[in-house]
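Q: Pasting a structure below so you can have a look.
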Amino acid sequence: MVSRYLDSIAYDLHSTVTLVEAYKITVTLVEVYKTLVEVYSSTDCTLNLTASMERDPWILKLQPASADEAQPSVKNPMLPFSMSIYEGFQVGKSITIEGYVPTNAERFHMELQIGSHIRPHADVALHVSVRLGSGCVVCNSMRAQRWGREEKTGGGTGPFVRGQSFGVTLIATEEEIQIVSAGRPYITYKHRLPLEEVDTFHISGPVTVSSIRFSRTLTAPCSALIPGGFTEGKTVLVRATVKYNPDRILVNLGQSTGPDIALHINPRFRKKEFVRNSLLCDAWGEEERAADSFPFYPGREFKMLIRCERGHFAVSVDDKPAFTFKQRVLRMATVDQVRVSGDLMLPNIEVQGVKVQP
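Reminder that position 270 of the sequence shown reads as 270 in UniProt numbering, one-by-one numbering, no gaps.
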């Protein structure tokens, strides 16, 4: 049992079982009395956590002593659930919620809050109320205990259907918060409260949540080194979400010490062209544009895999072959950098399965 007079507590993650993996977990003290807070780490290391108490209501916040990595996901949380967002909900960050809507569910809600206090209730930058009984989704904000004007969606409850699983992503942009489902825009909500002050995610109601994932973007342009060069058999994986109203994306495989580019991939949205080329000795070669499709869409995530094979590059997008490009560079060992830029939000780059962190 945890004493209400406790100022701090340390947990050894080796002795706990999987319940929540997170950087900051906010739970009411009542729940702490019922059971120990058990934290799961995806690594094998021991992590020291500190707890601080806040009065009215009693709240226990757990935070690791070191937070150098991206915020881990939460698995199967008990609702209602509130969680601090590490470093706040900054532009480019996203929260993905996956779960299941019970057949008898009437309504549930998700919130992006400024603080976690209950009395008085924290300001709410975005309140998403899924009203299955009424067949609509309502968005709103609350400042100083006063709700603003409701924004109601038409055409039902979108991805939230009784008896079915759902997955939605909340994305922070400069002008609005975007809610995306199945890679397609669902709701856009203009900021009414300062985005930089949002620091808490909350979900409550008769719904089952299987995971809550947090992503933060690498700053574009960004790059990653390829140890030993991009030789035969090696792969580079780029996962990204295309911005709204995009113009182009650039993915270059080249040299870290020079201007040469062995493979230049340039999707252009206005004409829906999938352009490929090389830049060698300060001169561009002949462009290649032939493609069966243009697999990039505004607001949608994509996965581009580039594989170095004998004499050519093989590129697939979303697990479907896109094109092959004949190598114009004789020594692939000198191709040791991948660089990504353009109109995208970029969660990660992987070189041979190793994620490059922002």
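Ideal Cβ positions, reconstructed from N, Cα and C, are used throughout, including at glycine.
Counting beta carbon pairs with one atom in the segment 243–262 and one in the segment 331–351, are three or more of them shorter than 8 angstroms?
A: A contact exists between the segment 331–351 and the segment 243–262.
Q: Using only the alpha-carbon positions, how far apart do C222 and T334 sit?
A: For the purposes of this step, residue 222 is taken as the residue at position 222 of the sequence shown. For the purposes of this step, residue 334 is taken as the residue at position 334 of the sequence shown. Their backbone Cα atoms lie some 19 angstroms apart in a straight line.
Q: Could you give the C-beta distance for F230 and R276, rounded to a whole number, given that I count them as a contact under 8 angstroms?
A: Here the question's residue 230 lines up with position 230 in the sequence shown. Here the question's residue 276 lines up with position 276 in the sequence shown. Actually they are not in contact, since the Cβ atoms of F230 and R276 sit about 15 angstroms apart, beyond 8 angstroms.
Q: Taking the straight line between their C-alpha atoms, what separation do you get for G148 and R268?
A: Your numbering for residue 148 matches position 148 in the sequence shown. Your numbering for residue 268 matches position 268 in the sequence shown. Using only the alpha carbons, I get a separation of about 40 angstroms.
Q: Please report the residue range of the beta strand (DSSP E) in which E287 lies.
A: Reading the sequence shown from its first residue, position 287 is the one you call residue 287. It is not in any beta strand (DSSP E) - E287 carries neither H nor E in the DSSP assignment.
Q: Who are the near neighbours of Y244 in its chain, counting only those whose CB is closer than 7 angstroms to its CB and skipping five residues on each side?
A: Position 244 of the sequence shown, counted from the start, is the residue given in the question as residue 244. P298 and G299.
Q: Residues in its own chain within less than 6 angstroms of R213 by CB, not counting five upstream and five downstream?
A: In the sequence shown, residue 213 corresponds to position 213, counting from 1. Hits under 6 angstroms: S73 and T96.
Q: Rounded to whole angstroms, what's the CA-CA distance from F294 to H121? Just pull it up for me.
A: Against the sequence shown, residue 294 aligns to sequence position 294. Against the sequence shown, residue 121 aligns to sequence position 121. Cα-Cα distance, rounded: 47 angstroms.
Q: So which of H127, R146, A144 and F160 has the shortest CA-CA distance to C136?
A: Here residue 136 refers to the residue found at position 136 when the sequence shown is read from its first residue. Cα-wise, what sits closest to C136 is F160.
Q: Can you tell me whether T334 is helix, strand or coil according to DSSP?
A: Here residue 334 refers to the residue found at position 334 when the sequence shown is read from its first residue. Here T334 sits in helix by DSSP.
Q: On the DSSP letters alone, give me the boundaries of the beta strand (DSSP E) that Y189 sits inside.
A: As a position in the sequence shown, residue 189 is number 189, starting the count at 1. Y189 -> beta strand (DSSP E) spans R184 to K190.
Q: Given this structure, state the Cα-to-Cα distance separating E287 from G353, to the nearest angstrom.
A: Numbered from its first residue, the sequence shown carries residue 287 at position 287. Numbered from its first residue, the sequence shown carries residue 353 at position 353. When rounded, the distance between both Cα atoms is 30 angstroms.
Q: Compute the beta-carbon to beta-carbon distance between D319 and F302, rounded to the nearest angstrom, for a pair I have assumed lies under 8 angstroms.
A: Position 319 of the sequence shown holds residue 319. Position 302 of the sequence shown holds residue 302. In fact, because the Cβ distance is near 11 angstroms, the residues do not count as touching under 8 angstroms.
Q: What ranges does the beta strand (DSSP E) occupy inside the segment 300–328, keeping only unbroken runs of at least 3 residues that lie completely in it?
A: The qualifying runs are 301–309, 312–317 and 320–326.
Q: Identify which residue in I265, L126 and R184 has its Cα closest to the Cα of E197.
A: Indexing the sequence shown from 1 puts residue 197 at position 197. The shortest C-alpha separation from E197 is found at L126.
Q: Taking the CB atoms as reference points, tell me whether G163 and T103 lie closer together than 8 angstroms.
A: Taking the first residue of the sequence shown as position 1, residue 163 is located at position 163. Taking the first residue of the sequence shown as position 1, residue 103 is located at position 103. Contact flag set, yes.
Q: So what does DSSP say about L195, is it helix, strand or coil?
A: Counting from 1 along the sequence shown, the entry for residue 195 is found at position 195. Helix.
Q: So for E151, helix, strand or coil by DSSP?
A: Here the question's residue 151 lines up with position 151 in the sequence shown. Here E151 sits in strand by DSSP.
Q: Give me the residue from F323, C281, K234 and A290 with the minimum Cα distance to V329.
A: Here residue 329 refers to the residue found at position 329 of the sequence shown. When only C-alpha atoms are compared, the closest one is C281.
Q: Going along the chain, which residues of its own chain have a beta-carbon closer than 8 angstroms to the beta-carbon of G115, five neighbours each way excluded?
A: Within the sequence shown, the letter at position 115 stands for residue 115. Excluding sequence neighbours, G115 sits near A122, D123, D199 and T200.
Q: Identify whether V180 lies in helix, strand or coil by the three-state DSSP scheme.
A: Along the sequence shown, one-based indexing puts residue 180 at 180. In the structure shown, V180 sits in a strand (DSSP, three-state: E or B).
Q: Quick one: residues in its chain with C-beta nearer than 6 angstroms to the C-beta of R307, no 5 flanking neighbours on either side, listed in chain order?
A: What you label residue 307 is simply residue 307 of the sequence shown in a count that begins at 1. Hits under 6 angstroms: T235 and A314.
Q: Got a sec? Which residues, its chain only, sit under 6 angstroms from E151 by beta carbon, not counting five neighbours each side?
A: Against the sequence shown, residue 151 aligns to sequence position 151. Within the same chain, E151 has close Cβ partners C139.
Q: Return the chain-ordered ranges of every alpha helix (DSSP H) run that is complete within the segment 189–272 and spans a minimum of 4 residues.
A: Qualifying alpha helix (DSSP H) stretches: none in this window.
Q: Between which two residues does the beta strand (DSSP E) harbouring N140 extend?
A: The count along the sequence shown starts at 1 and reaches residue 140 at position 140. Run containing N140: C136 to R143, per the beta strand (DSSP E) assignment.
Q: Short check: CB of I261 to CB of S278, under 8 angstroms?
A: As a first step, residue 261 must be located in the sequence shown, where it is residue number 261. As a first step, residue 278 must be located in the sequence shown, where it is residue number 278. Yes, they are a contact pair.
Q: Is S181 near Y100, with beta carbons less than 8 angstroms apart?
A: Numbered from 1 along the sequence shown, position 181 holds the residue referred to as residue 181. Numbered from 1 along the sequence shown, position 100 holds the residue referred to as residue 100. In this structure, Y100 does not lie closer than 8 angstroms to S181 by Cβ.
Q: Among the residues of its own chain, which have a CB less than 7 angstroms from the CB of G158, if the five just before and after it don't count?
A: Taking the first residue of the sequence shown as 1, we reach residue 158 at position 158. V137, S181 and Y186.
Q: Just curious, the beta strand (DSSP E) that M78 is in, first and last residue?
A: For the purposes of this step, residue 78 is taken as residue 78 along the sequence shown, with counting starting at 1. Note, M78: premise wrong, no beta strand (DSSP E); not H, not E.
Q: Suppose contacts are defined by Cβ-Cβ distances below 8 angstroms. Is I226 in contact with V351 by that definition?
A: To locate residue 226, count along the sequence shown from 1; it is residue 226. To locate residue 351, count along the sequence shown from 1; it is residue 351. It is a contact, given that the beta carbons lie within the stated cut-off.
Q: Terminal residues of the continuous beta strand (DSSP E) containing E174?
A: Along the sequence shown, read from residue 1 onward, the residue named residue 174 stands at position 174. Where E174 is concerned, there is no enclosing beta strand (DSSP E), given that its DSSP letter is neither H nor E.
Q: DSSP state of A125, grouped into three classes?
A: Taking the sequence shown and counting its residues from 1, one reaches residue 125 at position 125. Strand at A125.
Q: Use the C-beta contact count for D336: other C-beta atoms within 10 angstroms, 16 or more gives buried, fewer gives exposed.
A: The residue you call residue 336 lines up with position 336 of the sequence shown. Its Cβ being crowded by 16 or more others within 10 Å, D336 is buried.
Q: P321: buried (16+ other C-beta within 10 angstroms of its C-beta) or exposed?
A: Start at 1 with the first residue of the sequence shown, and residue 321 comes out as number 321. The residue is exposed, with fewer than 16 neighbouring Cβ atoms inside 10 Å.
Q: Would V209 and L79 be called neighbours here (beta carbons separated by less than 8 angstroms)?
A: Start at 1 with the first residue of the sequence shown, and residue 209 comes out as number 209. Start at 1 with the first residue of the sequence shown, and residue 79 comes out as number 79. Yes, Cβ-Cβ distance for V209 and L79 is below 8 angstroms.
Q: Please state whether the Cβ-Cβ distance between S84 and H109 is less than 8 angstroms.
A: Along the sequence shown, read from residue 1 onward, the residue named residue 84 stands at position 84. Along the sequence shown, read from residue 1 onward, the residue named residue 109 stands at position 109. Cβ atoms of S84 and H109: not closer than 8 angstroms.
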